[in-house]
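Those protein sequences? They're chains A and B, same order as listed. Heads up, this note's numbering is the position in the first sequence plus 195, with the first residue counted as 1. Heads up, this note's numbering is the position in the second sequence plus 8, with the first residue counted as 1. Positions of the beta carbon are idealized from the N, C-alpha and C atoms, including for glycine. So the structure is just underneath, and the comments pick up after that.
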Amino acid sequence: MHERAERHSVEKLREYLPAAIVLIAGVALWEAVVFVFSIDFYLLPAPHVIFANLRENYALLLEAGLYTFTEAAAGYALGCGSGMLAAMAASRSPAFADLVLPYAIASASVPIIALAPLAIVWFGVDQGSKIAIVSLMTFFPTFISALRGLLAVPAPAVELMRSCAATPRQIFWKLRLPHSVPYVFTALRACTTLAMIGAVVSEFFGGPVKSLGVYIKSSASLFQTRQAWSAILVTCALGLGFYFAVALAERLAAPWQAERGEI
Amino acid sequence: MTAPVIEAVGVGRIFETRGGPTEALRDLSFGVDGGEFISIIGPSGCGKSTLLRIVGDLVEPSTGSIRVNGKTARQARLDRDYGIVFQAPVLYDWRTVIENVRLPLELAGGSLEERRERPRALLRLVGLEGFRDHYPWQLSGGMQQRVSIARALALHPSILLMDEPFGALDEMTRERLNLELLQVWSETGATALFVTHSIAEAVFLSTRVVVMSPRPGTIDRIVPIDLPRPRLDKVRGEPRFFELVTAVRESLREDPALAAGNAPRAEHARARGAP
Chain A
196 MHERAERHSV EKLREYLPAA IVLIAGVALW EAVVFVFSID FYLLPAPHVI
246 FANLRENYAL LLEAGLYTFT EAAAGYALGC GSGMLAAMAA SRSPAFADLV
296 LPYAIASASV PIIALAPLAI VWFGVDQGSK IAIVSLMTFF PTFISALRGL
346 LAVPAPAVEL MRSCAATPRQ IFWKLRLPHS VPYVFTALRA CTTLAMIGAV
396 VSEFFGGPVK SLGVYIKSSA SLFQTRQAWS AILVTCALGL GFYFAVALAE
446 RLAAPWQAER GEI
Chain B
9 MTAPVIEAVG VGRIFETRGG PTEALRDLSF GVDGGEFISI IGPSGCGKST
59 LLRIVGDLVE PSTGSIRVNG KTARQARLDR DYGIVFQAPV LYDWRTVIEN
109 VRLPLELAGG SLEERRERPR ALLRLVGLEG FRDHYPWQLS GGMQQRVSIA
159 RALALHPSIL LMDEPFGALD EMTRERLNLE LLQVWSETGA TALFVTHSIA
209 EAVFLSTRVV VMSPRPGTID RIVPIDLPRP RLDKVRGEPR FFELVTAVRE
259 SLREDPALAA GNAPRAEHAR ARGAP
């Protein structure tokens, strides 16, 4: 058993090794290109310059990152949460679900980020407008996926329930809801990215200085590209952390899939 | 003379499809006594599964009626008189083997002790006590179907409905599960209704084999199987087994021949009717 676990972790390492090599090679290539072609640092700063700047501006970037991440996380919780609740309500009537689903799908393909300037008019220049945009961006994908998961239950699975004289409530809690878990998490993972994009891009249209979007935009317009790149790296790190946190939650919530190696 | 456990009178079923109404079953009447093992066999699309679902109140008949244990099929379903095994195992991915077997007990609100002990006993019965904490995908197809049989027995059903449960399995697994099923069935004393494509399987398992005609499905013939019980694997080598298999096969053959004879005539009629 112990040996198996050990072999498992060795295999895991081997799995991640190519990705790590690509990352290191990419950074090295970047560094080399900037050096060989002697590219001006304001056009494309070399990695070591960005890392130096990251260390220097550590405190400010952390504060800005926290501010922006709060917007993303709050909007995500609101949008995904209400998306799931709306899907649960809609699933009670498949006819109603059929009615709203096309509109939900259409809304999901609207670039909601275009509403960001209006959101500032409605909700103010602070976090409220960003949370509103992120909520709206994450609501529809979650709603659609969750509704599909709740309704796309195989017919025999329902027949089994009926043959045991299950109540509609039991069919919901013991069949539809667990069946929807993988569907919901597909949306929840995709929405982490949407949430970060929504928060940062909304800030491009206005916000406090100590937020990632405003910081990236103002430093880029002043040709302070190393500052801009540092903030972009922080955004990436936060986005990745967000994604993996949700993926970890999925492993805990859907152990039957984790063991199959589907997550 | 006791009343039959299942009694069908003039059962028919018409499905509305895009191409217009399709008659799946026409005017079926039959009775099944308590403790019988009835196999239903017939060509593809003859409505065997529909008939099983009508008995189990999963599909409503368009005409006729079904009485089960002296009640309507609906009442029998609500009283949890049925245990159902489908063609696919229909195990819930998110439940372990023992949790799947426990599901009917949870739905029926069984006592905590029953919920703990009954699934264990059932898994012992189907020889899977060592796999109780596995997830369904970790089991072979044959093992999954055994879990599904254990689950069907959870509430001590008086009627077992099985819709080609071994259809997707290889011949060797199927024959082994046939034996196991007979053993389980004789221990429970339930009345079994078993849909199958396999003539040998139908003869090996049943007290009677119901042979159905092509669509619209009607009962062509009922072949009583007088092989002695308990039936062990060696029954499959006995002359009487072959005779019965041949009898069922011939009743099945009569119909396609009839249909083949009818088809050109129908063509002619249409050709003549055309301007």
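DSSP beta-bridge partners of residue i
| i | result |
| --- | --- |
| B/P29 | B/E24 |
| B/A16 | B/F38, B/I74 |
| B/S47 | B/F202, B/V217 |
| B/I167 | B/Y90, B/T199 |
| B/R229 | B/V219 |
| B/K79 | B/V76 |
Beta-carbon proximity of residue i to residue j, cut-off 8 angstroms
| i | j | result |
| --- | --- | --- |
| A/L273 | A/S358 | no |
| A/P306 | A/L346 | no |
| A/H374 | A/G344 | yes |
| B/P165 | B/G53 | no |
| A/V244 | A/F232 | no |
| B/P97 | B/S57 | no |
| A/L342 | A/L372 | no |
| B/T181 | B/D141 | no |
| A/P242 | A/R421 | no |
| B/I233 | B/S214 | yes |
| A/A382 | A/A267 | no |
| B/L130 | B/A158 | yes |
| B/F174 | B/L187 | no |
| A/S414 | A/L249 | no |
| A/I300 | A/I339 | yes |
| B/L235 | B/F250 | no |
| B/R21 | B/I62 | yes |
| B/V19 | B/D41 | no |
| B/L294 | B/R239 | Beyond the ends of chain B as shown, which are 9 and 283, falls residue 294 of chain B; an answer cannot be given. |
| B/S37 | B/A11 | no |
| A/S406 | A/A259 | yes |
| A/T337 | A/G434 | no |
| B/R128 | B/E137 | yes |
| B/R154 | B/V134 | yes |
| A/A311 | A/V376 | no |
Residue nearest to residue i in terms of C-alpha spacing, selected from the options
| i | options | result |
| --- | --- | --- |
| B/G150 | B/P127, B/L177, B/R124, B/V13 | B/L177 |
| B/I46 | B/G55, B/E183, B/D35, B/L60 | B/L60 |
| B/R34 | B/S73, B/A11, B/D41 | B/S73 |
| B/E262 | B/G245, B/I227, B/V243 | B/I227 |
| B/E31 | B/P69, B/A16, B/V17 | B/P69 |
| B/L260 | B/P236, B/V93, B/G225, B/F249 | B/G225 |
| A/V441 | A/Y271, A/L257, A/L256 | A/Y271 |
| A/K369 | B/Q95, B/P51, B/D101, B/R237 | B/D101 |
| B/R244 | B/V211, B/I230, B/R229 | B/V211 |
| A/V379 | A/D321, A/Y410, A/I427, A/C275 | A/C275 |
| B/G285 | B/I230, B/V134, B/R124 | A question about residue 285 of chain B goes unanswered here, because the residues of chain B that appear run from 9 up to 283. |
| A/A432 | A/T263, A/A311, A/R446, A/F291 | A/T263 |
| A/P351 | B/R110, B/V93, B/L252 | B/V93 |
| A/S144 | A/F367, A/V396, A/F230, A/G221 | Outside the modelled stretch of chain A, which goes from 196 to 458, sits residue 144 of chain A, for which no answer is possible. |
| B/L66 | A/A385, A/L443, A/L355 | A/L355 |
| B/Q152 | B/R75, B/N108, B/T71, B/D241 | B/N108 |
| B/L99 | A/A247, A/D321, A/V348 | A/V348 |
| B/Q95 | B/L163, B/E183, B/G43, B/T204 | B/T204 |
| A/E398 | A/A220, A/D321, A/R446 | A/D321 |
### Message
Taking 8 angstroms as the cut-off, does the region 218 to 234 of chain B touch the region 255 to 262 of chain B (at least 3 CB pairs, one atom from each stretch)?
### Response
Contact between the region 255 to 262 of chain B and the region 218 to 234 of chain B is present: three or more C-beta pairs spanning the two stretches fall below 8 angstroms.
### Query
Are the region 23 to 41 of chain B and the region 80 to 88 of chain B touching, with three or more C-beta to C-beta distances below 8 angstroms?
The region 23 to 41 of chain B, when compared against the region 80 to 88 of chain B, does not touch it at the 8 angstroms Cβ threshold.
### Query
Are at least three pairs of beta-carbons, each pair with one atom in the region 439 to 455 of chain A and one in the region 143 to 153 of chain B, less than 8 angstroms apart?
They touch, by the three-pair rule.
### Query
Is it a yes or a no for the region 387 to 396 of chain A touching the region 100 to 116 of chain B, going by three-plus beta-carbon pairs under 8 angstroms?
No, because fewer than three Cβ pairs between the region 387 to 396 of chain A and the region 100 to 116 of chain B fall closer than 8 angstroms, the two stretches do not touch.
### Message
Between the region 186 to 202 of chain B and the region 153 to 172 of chain B, can you find at least three pairs of beta-carbon atoms closer than 8 angstroms?
### Response
Contact holds: three or more Cβ-Cβ distances are below 8 angstroms.
### Query
Counting pairs of Cβ atoms below 8 angstroms between the region 303 to 316 of chain A and the region 273 to 285 of chain A, do you hit three or more?
Taking a cut-off of 8 angstroms on C-beta distances, the region 303 to 316 of chain A does not touch the region 273 to 285 of chain A, as fewer than three cross pairs fall below it.
### Query
Do the region 331 to 338 of chain A and the region 361 to 372 of chain A make contact, defined as three or more Cβ pairs closer than 8 angstroms?
The way I'd put it, the region 331 to 338 of chain A doesn't touch the region 361 to 372 of chain A; fewer than three beta-carbon pairs between them come closer than 8 angstroms.
### Task
May I ask you to list, following chain order, the residues of the region 429 to 454 of chain A that have a beta carbon less than 9 angstroms from some beta carbon of chain B?
Cβ contacts with chain B come from A449, P450, W451, Q452, E454.
### Task
Inspect the CB distances between the region 394 to 402 of chain A and the region 320 to 327 of chain A and report whether three or more fall short of 8 angstroms.
Counting Cβ pairs under 8 angstroms, three or more are found: they touch.
### Query
Are the region 62 to 80 of chain B and the region 189 to 197 of chain B in contact at 8 angstroms, needing three or more beta carbon pairs?
Pairwise C-beta distances place the region 62 to 80 of chain B out of contact with the region 189 to 197 of chain B, as fewer than three of them are shorter than 8 angstroms.
### Message
Short of 7 angstroms Cβ to Cβ, which residues in the region 183 to 202 of chain B face chain A?
### Response
Taking 7 angstroms as the upper bound on Cβ-Cβ separation, chain A lies near no residue of the region 183 to 202 of chain B.
### Query
For the region 70 to 92 of chain B, which residues have a CB atom closer than 7 angstroms to at least one CB atom of chain A, in sequence order?
Cβ contacts with chain A come from R85, L86, R88, Y90, I92.
### Task
Compile a chain-ordered list of the residues in the region 344 to 368 of chain A whose CB is closer than 7 angstroms to at least one CB of chain B.
Within the region 344 to 368 of chain A, P351, A352, E354, L355, R357, S358, C359, A360, A361, Q365 place their CB atoms closer than 7 angstroms to a CB of chain B, listed in sequence order.
### Task
Check distances from the C-beta atoms of the region 233 to 261 of chain B to those of chain A and list, in chain order, the residues that come in under 9 angstroms.
Those would be none; no residue qualifies.
### Residues from the region 105 to 135 of chain B in contact with chain A, defined by Cβ distance under 8 angstroms
Using a CB distance below 8 angstroms, the part of the region 105 to 135 of chain B facing chain A consists of L111, P112, E114, L115, A116, ordered along the chain.
### Task
Could you name the residues of the region 302 to 313 of chain A whose beta carbon sits closer than 8 angstroms to any beta carbon of chain B, in the order they occur along the chain?
The region 302 to 313 of chain A vs chain B, Cβ under 8 angstroms: nothing.
### Task
Closer than 7 angstroms, Cβ to Cβ, to anything on chain A: give me those residues from the region 201 to 231 of chain B, in chain order.
Taking a C-beta cut-off of 7 angstroms against chain A, none of the residues of the region 201 to 231 of chain B qualify.
### Task
Select from the region 47 to 66 of chain B all residues with a C-beta closer than 9 angstroms to any C-beta belonging to chain A, and list them in chain order.
Correct list: R61, G64, D65, L66.
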